[in-house]
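*Asks:* Per the working numbering: the sequence shown = residues 30 to 210.
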Amino acid sequence: MKECILLIVKPDGMVKGLAGHVLRRFEETDLRLVGARLAKVTRELASTHYHHLREKPFFEELIRFIMGELNGGQDTVLAFAYTGEDAVRKARAIAGATNPEEADYRSIRGSFGRVTTKGVFENVVHVSSDSIEGEREIKLWFRPEEITADLFPSVAADGRREWAEPAGPKTRTGPWPSETP
Ligand code: DAT
Ligand code: MG
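1) Which of helix, strand or coil does DSSP assign to V44?
2) G64 bridges to which residues according to DSSP?
3) K31: buried (16+ other C-beta within 10 angstroms of its C-beta) or exposed?
4) Report buried or exposed for L180, applying the criterion of at least 16 other Cβ atoms within 10 angstroms of its Cβ.
5) Classify Y111: buried if its beta carbon has 16 or more other beta carbons within 10 angstroms, exposed otherwise.
6) Verify whether the separation of the beta carbon atoms of M43 and T145 is less than 8 angstroms.
7) Are there any heavy atoms of ligand 1 lying less than 7 angstroms away from the beta-carbon of N100, as far as the coordinates show?
8) Check the Cβ-Cβ distances between L52 and every residue of chain B, and say whether any is below 8 angstroms.
9) What ranges does the beta strand (DSSP E) occupy inside the segment 137-203, keeping only unbroken runs of at least 3 residues that lie completely in it?
10) Measure from the alpha carbon of P195 to the alpha carbon of each residue in E166, K85, N128, R143, then state which is nearest.
11) Could you name the residues of the same chain whose beta carbon sits closer than 6 angstroms to that of A48, not counting the 5 residues immediately before and after it, in chain order?
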């Protein structure tokens, strides 16, 4: 099945100089690159991106990590959108398991990730967990004009384009933070 995923080179990957390596690994697949952006990670973007983990004990550290606060204030990350057959399985195989200590040592996380003494997984890359999350995340990180393929419907609004269904499929995992009372 054709799927879409968001790939992020996280702050630890950026400071370790791994952006080129990550891109190279993805270039070796048959996945099609349809979006690329250097993005500043604000608290709002971070907590919306990880909203499904907001009840977890490690949530605050995770937000600080993706904002670059644990990596010398590295607050920009590289975000890429890919599409292709079986994209989630292919991309997550390159990334490796969530916990770098459990990841295959040939994967990016297994090769370059680490678990800090505070228990934060500095795991170099983010890859969407499934195609529903892939759609939600690409719409969160990219505007329609920044995506070079016709992935999802968009509408004209105030002279620019916006995603027709910005929150993605209705089956998304839980409400947005702004919907929480
Ligand atoms: P993945 O990034 O593999 O999709 P996830 O969506 O479950 O994994 O979690 C998002 C991130 O949160 C993950 O990359 C690292 C962090 N994380 C997840 N579980 C954790 C745990 N038990 N302890 C510390 N960090 C964790
Ligand atoms: Mg995930």
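Glycine included, each C-beta is placed from N, C-alpha and C at the ideal position.
Here the structure is a predicted model, which is why all the values come from computation and not from measurement.
*Replies:* In short, the structure shows the following:
1) Helix, per DSSP.
2) Paired residue(s): A110.
3) When all chains shown are included, K31 counts as exposed.
4) Around the beta carbon of L180, a 10 Å sphere encloses 16 or more other beta carbons of the protein chains shown; the residue is thus reported as buried.
5) Buried, because 16 or more other Cβ atoms sit within 10 Å of the Cβ of Y111.
6) No.
7) Shortest gap from the CB of N100 to any heavy atom of ligand 1: 7 angstroms or more.
8) This model lacks chain B altogether; it includes just one protein chain.
9) For the segment 137-203, whole beta strand (DSSP E) runs of length 3 or above, ordered along the chain, are 154-156, 183-186, 189-192.
10) Closest in C-alpha terms to P195, from the list E166, K85, N128, R143, comes E166.
11) For A48, same chain residues with a beta-carbon under 6 angstroms away, outside a window of 5 residues either side, are V38, L107 in chain order.
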